[in-house]
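S.K.: I'd like to ask you about the structure that follows.
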Amino acid sequence: MVGGRSTLVLSMKRRQFIRFGAALGALSVVKPGQASTVLSQSFQGKASGPIVLSTWNHGLAANEGAWKVLKNGGSALDAVQNGVMVTEADLSNRSVGVGGRPDRDGHVTLDACIMSGDSRCGSVAFLEGIAHPISVARAVMERTQHVMLVGDGARQFALEQGFETAKMPIDEVKKDYQEWRKMNKDLFKKPNINHENHDTIGMIAMDAEGKLAGACTTSGWAYKMHGRVGDSPIIGAGLFVDDQVGAATATGLGEAIIRVAGSHTVVELMRHGYSPFDACKEACMRIISKHSDFDLKGLQCGFIALDKEGNYGAYSIYNGFNFALRTTEGEALIDAKFDRSW
Ligand code: SD4
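Residue numbers (the numbering used here): 169 to 510.
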């Protein structure tokens, strides 16, 4: 579930500013208007040196976590793990990690994946009670012969490997869920597609050596059917990274992103000459074209992408999607370009 309405309101406030500092790291607040050139052009751009991008306004704090690694010459892989762990640990976040919303049976089930530009990848899905699914995904990548572990098997592996457990849902979320149950007696009706119940953290980064990596982690669609898995833990859907080309990650309605293997599509388009921005846009257009069986109203999906030269871009189907950017020059929260308004 998303930071929903509050995320959108917050993001509208947050986009009023952009913080840019010297390469030394001193940050200053730039008042609305002062940085309008940067804001209006930054849905695509280019960075020299390390760079990290993440979905939504919670990406600002996550990027901070990633930047601690990147600025000291650390690897993109360590950076993205460190970065999204910040969001997983944020108890006020209702769409990622410990503070996430449950499925309609009351279980918080977590999905996450991580990918290195050399094609190594790991993933967990439908994982319960573990504080940092992204770290378990990395352990699947580095300590097993597999790519993906799900459900009880993923939990058993996490416990064997000594990963921290956590009680979920947290009390506040449980209260919300109980209210939701009162209002939604028919648990078998098809859930509404609602732009407010989707959000996730997807992060992509390039380190000082030009190596790429990405991470994606979420509690998924709030009040989803028990057993539902979205795009976020699926390599090629929620995330794809290739050092020879670039990296992409997705947010939004996972069912739609899976239908077009969204993040892989973005990277393949870049391989064939599309800019990151054009590739994200084309992937959104493909989602639209493949959903003649859907009422598109509310079908929000967004992509962010980075190529191996440091060019970045983002695009979403509807307005309201933003992404956080961090480079040696500073940080920004940027509204993505979009195809249509709500
Ligand atoms: C999903 N795409 O489970 C994921 C998470 C999300 O915005 O809600 N992203 O569908």
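We put the CB at the ideal spot given by N, CA and C, even for glycine.
For clarity, every value in this text was computed on a predicted model and none was experimentally measured.
Spell out a yes or no on whether the region 242-256 and the region 315-332 are touching, meaning 3 or more CB-CB pairs, one atom from each, closer than 8 Å.
M.R.: No, the region 242-256 is not in contact with the region 315-332.
S.K.: Exposed or buried, Gly241, counting other C-beta atoms within 10 Å across all chains shown (16 or more means buried)?
M.R.: So Gly241 counts as exposed.
S.K.: State buried or exposed for Thr223, treating a residue as buried only when at least 16 other CB atoms are found within 10 Å of its CB.
M.R.: Buried: at least 16 other Cβ atoms inside 10 Å.
S.K.: Residue range of the beta strand (DSSP E) that Thr255 falls in?
M.R.: Here Thr255 belongs to no beta strand (DSSP E); instead the alpha helix (DSSP H) covers 244-256.
S.K.: In this structure, does DSSP put Gly498 in helix, strand or coil?
M.R.: Note: Gly498 maps to strand in three-state DSSP.
S.K.: Would the beta-carbon of Gly265 be found less than 7 Å away from any heavy atom of ligand 1?
M.R.: Checking every heavy atom of ligand 1 against the Cβ of Gly265, none is found closer than 7 Å.
S.K.: Along the beta strand (DSSP E) that carries Phe325, what are the first and last residues, could you check?
M.R.: Note, Phe325: premise wrong, no beta strand (DSSP E); alpha helix (DSSP H) at 319-328.
S.K.: Spell out the partners DSSP gives Tyr442 in its beta bridges.
M.R.: BP columns for Tyr442 are empty, so no partner.
S.K.: Does the beta carbon of Phe399 fall short of 7 Å from some heavy atom of ligand 1?
M.R.: Note that residue 399 corresponds to Asp in the displayed sequence, not to Phe. Yes, ligand 1 has a heavy atom inside 7 Å of this Cβ.
S.K.: Return the residue from the list Ser457, Ile369, Pro218 that minimises the CA-CA distance to Gly388.
M.R.: Of the candidates Ser457, Ile369, Pro218, the one whose C-alpha sits nearest the C-alpha of Gly388 is Ile369.
S.K.: So Asp271 packs on Arg439, CB below 8 Å; how close in whole Å?
M.R.: With a Cβ gap of about 36 Å, Asp271 and Arg439 do not count as contacting.
S.K.: Hey, would you say Ser287 sits closer than 8 Å to Asp410, going by beta carbons?
M.R.: Against a cut-off of 8 Å, the Cβ pair of Asp410 and Ser287 comes out as a contact.
S.K.: Could you say which of Gly267, Ala416, Glu340 lies nearest to Gly297 if we only look at CA atoms?
M.R.: It is Gly267.
S.K.: Going by other Cβ atoms of all chains shown within 10 Å of its Cβ, with 16 needed for buried, is Thr495 buried or exposed?
M.R.: Buried is the call here.
S.K.: State the CB to CB distance for the pair Ala230 and Gly251, rounded to an integer number of angstroms; the pair is presumed to be in contact (CB under 8 Å).
M.R.: Ala230 to Gly251, Cβ: 4 Å. Contact.
S.K.: On the DSSP letters alone, give me the boundaries of the beta strand (DSSP E) that Gln212 sits inside.
M.R.: 212-214 is the extent of the beta strand (DSSP E) around Gln212.
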